[in-house]
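Accompanying notes for the structure given below.
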Amino acid sequence: MPSQTASTPPILSYIFRGHTSSIHALHFFSSNHYFASGDSEGWIVIWRLTTRRPAAAWKAHDGGVMGIKDWNGNRLITHGRDHKLRIWQVREEDLDGLSRVLPVDAKGDESRQPWLVHSMDVNALNFCAFAVCADSDRGTQTRVLAQDATDAEVVEVAEFKPLLLAAPNGLDQGGVDIFHLPSEQRVSKLQSDMRANTGMVMALRIFYGQPTGKLTLVVGYEDGSVAVYVRKEQNVMPVWIWEKVMAAKPHTQPVLSLGVLPSGESFITSSADATVAKFGIPSMKMEDQAQAEKTSNTKHAGQQDLKIRSDGRVFATAGWDKNVRVYSTKTLKELAVLQWHQEGCYAFAFAEVLPEAAANERALVAGNAMDKMKLERDAKVHNTHWLVAGSKDGKISLWDVY
Numbered sequence: 001m002p003s004q005t006a007s008t009p010p011i012l013s014y015i016f017r018g019h020t021s022s023i024h025a026l027h028f029f030s031s032n033h034y035f036a037s038g039d040s041e042g043w044i045v046i047w048r049l050t051t052r053r054p055a056a057a058w059k060a061h062d063g064g065v066m067g068i069k070d071w072n073g074n075r076l077i078t079h080g081r082d083h084k085l086r087i088w089q090v091r092e093e094d095l096d097g098l099s100r101v102l103p104v105d106a107k108g109d110e111s112r113q114p115w116l117v118h119s120m121d122v123n124a125l126n127f128c129a130f131a132v133c134a135d136s137d138r139g140t141q142t143r144v145l146a147q148d149a150t151d152a153e154v155v156e157v158a159e160f161k162p163l164l165l166a167a168p169n170g171l172d173q174g175g176v177d178i179f180h181l182p183s184e185q186r187v188s189k190l191q192s193d194m195r196a197n198t199g200m201v202m203a204l205r206i207f208y209g210q211p212t213g214k215l216t217l218v219v220g221y222e223d224g225s226v227a228v229y230v231r232k233e234q235n236v237m238p239v240w241i242w243e244k245v246m247a248a249k250p251h252t253q254p255v256l257s258l259g260v261l262p263s264g265e266s267f268i269t270s271s272a273d274a275t276v277a278k279f280g281i282p283s284m285k286m287e288d289q290a291q292a293e294k295t296s297n298t299k300h301a302g303q304q305d306l307k308i309r310s311d312g313r314v315f316a317t318a319g320w321d322k323n324v325r326v327y328s329t330k331t332l333k334e335l336a337v338l339q340w341h342q343e344g345c346y347a348f349a350f351a352e353v354l355p356e357a358a359a360n361e362r363a364l365v366a367g368n369a370m371d372k373m374k375l376e377r378d379a380k381v382h383n384t385h386w387l388v389a390g391s392k393d394g395k396i397s398l399w400d401v402y
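For the sequence shown, the positions run 1 to 402 when UniProt numbering is used.
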């Protein structure tokens with residue numbers, strides 16, 4: 001079932017209600033069959049997209065939720081203002097045993113929570129959520145697991161691809177810590193540049209760059225600047241050396257968010273000012289301040305959240321002006337404005353663009369009408385280009401976007 005054509009305006013499909021405070025994190029997972037929402041009171045709700053109903057709800061943090069990602073589709077990583085990063089097991093078979101009582105109906109935080117697999121102390125003073133990528137460096141994994149690894153950790157690495165997780169350092173306001181999961185060890189620290197008064201880290205992305213294959217960090221700062229760091233190759237594995245290969249100052253106000261294109265060749269930034277800027281990621285060190293490939297004065301200050309869809313065609317921002325705006329990644333041209341919320345939008349998420357589901361074919365040969373209806377519903381959830389947006393009012397809007 002194809003999604004919309006580019007000439008069709010986005011369609012508002014549904015409004016999810018259940019949170020009592022502002023939405024600060026949203027994330028699709030499990031082939032878009034679920035998305036998770038996190039609010040400013042620390043609640044996480046998992047919504048089942050086929051039924052538009054909650055599959056689980058629990059108080060995950062004692063402070064607001066800053067970020068949500070999934071690990072292998074059946075674990076959720078949540079980052080809270082309580083300086084905790086927690087990893088929860090949310091397999092399909094586990095959800096039936098969890099509480100579905102929404103925050104709006106809860107009389108306390110005594111709910112049946114998912115199994116807490118990991119809990120780590122991670123800085124949250126900067127209002128900057130963690131960033132994560134799969135760890136493709138087998139040397140890192142071997143070194144970490146060689147240090148008193150338990151049998152459970154060895155099994156976990158076999159079942160779940162290890163991750164590298166980046167978060168702001170708690171003492172060095174411009175520094176970044178790199179952790180390894182599942183070992184929970186800090187494997188590196190990127191020191192702040194003492195020659196540049198950048199202020200706090202405000203936004204982060206970590207990934208393996210293309211075509212170099214080098215581990216890369218893109219960092220946005222409080223003073224409106226951005227920098228790209230690449231981990232240098234060295235023979236001594238325990239020591240990670242970071243080289244700043246690019247620096248620029250595209251904004252007059254703090255960077256609020258940034259996204260890296262799936263190709264790993266470019267990134268786009270948004271800020272408390274009205275500018276969005278696109279930069280190429282250099283393969284070698286640039287001596288001078290970098291100039292943006294493209295900039296756009298959107299005339300809308302405070303674009304809080306920026307994400308690039310997995311197909312790389314479009315990106316969007318959640319705005320303080322109550323709207324979510326969709327842009328072309330190629331031209332930075334505004335393509336659509338999603339207007340429904342009555343208060344500022346702080347977070348949104350794109351569903352992953354996936355290959356056409358085999359459920360389409362299975363639905364054609366389903367044995368009975370109920371099976372066919374379920375398979376058609378699964379196929380629609382899988383194939384539609386969804387976007388969810390969360391607002392200060394606690395409501396979440398669901399859109400079909402291009």
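All C-beta atoms in this analysis are idealised placements derived from N, C-alpha and C, irrespective of residue type, glycine included.
Keep in mind the model is a prediction, meaning the values are calculated, not measured.
Reduced DSSP secondary structure (H/G/I, E/B, other) of residue i
i           : result
Arg-17      : coil
residue 450 : Look at the range of the chain in this structure, 1 to 402, and you will see that residue 450 is not part of it.
Lys-372     : helix
Asn-323     : strand
Val-388     : strand
Val-122     : coil
Asn-169     : coil
Arg-309     : coil
Val-381     : helix
Leu-116     : strand
Asp-94      : helix
Tyr-221     : strand
Asp-105     : coil
Ile-281     : coil
Ala-247     : strand
Met-202     : strand
Asp-177     : strand
Cys-133     : strand
Ala-272     : coil
Leu-354     : coil
His-24      : strand
Lys-299     : coil
Thr-212     : coil
Arg-81      : coil
Tyr-402     : coil
Lys-294     : strand
Phe-160     : coil
Val-314     : strand
Asp-393     : coil
Cutoff 6 Å; reference residue i; Cβ partners in own chain excluding five residues on either side
i       : result
Ala-351 : Phe-28, Asn-32 and Trp-386
Gly-280 : Ser-266 and Glu-293
Thr-317 : Ser-270, Gln-303, Leu-306 and Arg-325
Lys-232 : Ile-241 and Glu-243
Arg-377 : Thr-50
Ala-349 : Leu-26, His-27, Phe-28 and Val-388
Met-246 : Val-228, Pro-282, Met-286 and Ala-290
Val-132 : Lys-69, Leu-163 and Leu-165
Asp-177 : Ala-167, Asn-169, Arg-186 and Lys-189
C-beta atoms of residue i and residue j nearer than 9 Å
i           : j       : result
Ile-23      : Tyr-221 : no
Ile-308     : Leu-261 : yes
Pro-168     : Asn-126 : yes
Ala-54      : Leu-102 : The displayed chain sequence assigns Pro, not Ala, to residue 54. Taking 9 Å as the Cβ cut-off, Pro-54 and Leu-102 qualify as a contacting pair.
Trp-58      : Pro-114 : yes
Val-276     : Ser-296 : yes
Ala-56      : Arg-17  : no
Ser-283     : Pro-211 : yes
Leu-256     : Ala-203 : yes
His-83      : Ala-124 : yes
Leu-332     : Lys-278 : yes
Asp-94      : Ser-30  : no
Ala-227     : Asp-193 : yes
Ile-68      : Ile-87  : no
Pro-254     : Asp-223 : yes
residue 403 : His-61  : This structure does not reach residue 403, given that the chain is present from 1 up to 402, and the question cannot be answered.
Gly-63      : Arg-52  : no
Chain-order list of residues whose beta-carbon lies under 8 Å from that of residue i (same chain, five-residue window excluded)
i       : result
Lys-322 : Gln-339, His-341, Gln-342, Glu-343, Gly-344, Cys-345 and Ser-391
Gly-312 : Leu-261, Pro-262, Ser-263 and Thr-329
Gly-73  : Phe-29, Ser-30 and Ser-31
Pro-9   : Ala-336
Asp-273 : Gly-224, His-251, Thr-252, Gln-253 and Ala-301
Ser-310 : Pro-262, Phe-350, Glu-352 and Val-353
Leu-12  : Leu-338, Trp-340, Ser-397, Leu-398 and Trp-399
Contact test: residue i Cβ vs the ligand SAH heavy atom, cutoff 8 Å
i       : result
Asn-297 : You won't find the ligand SAH in this model; it holds no ligand whatsoever.
Cut-off 7 Å between Cβ atoms - residues of its own chain near residue i, not counting five sequence neighbours on either side
i       : result
Ala-134 : Lys-161 and Leu-163
Where in the stretch 53-78 do unbroken runs of the beta strand (DSSP E), each at least 3 residues long, occur, reported from the N-terminal end onward? Taken in chain order, the whole beta strand (DSSP E) runs of length 3 or more contained in the stretch 53-78 are 53-59 and 65-70.
Counting pairs of beta carbons, one from the stretch 387-402 and one from the stretch 320-337, are three or more of them closer than 8 Å? The stretch 387-402 and the stretch 320-337 touch, with no fewer than 3 CB-CB distances between them shorter than 8 Å.
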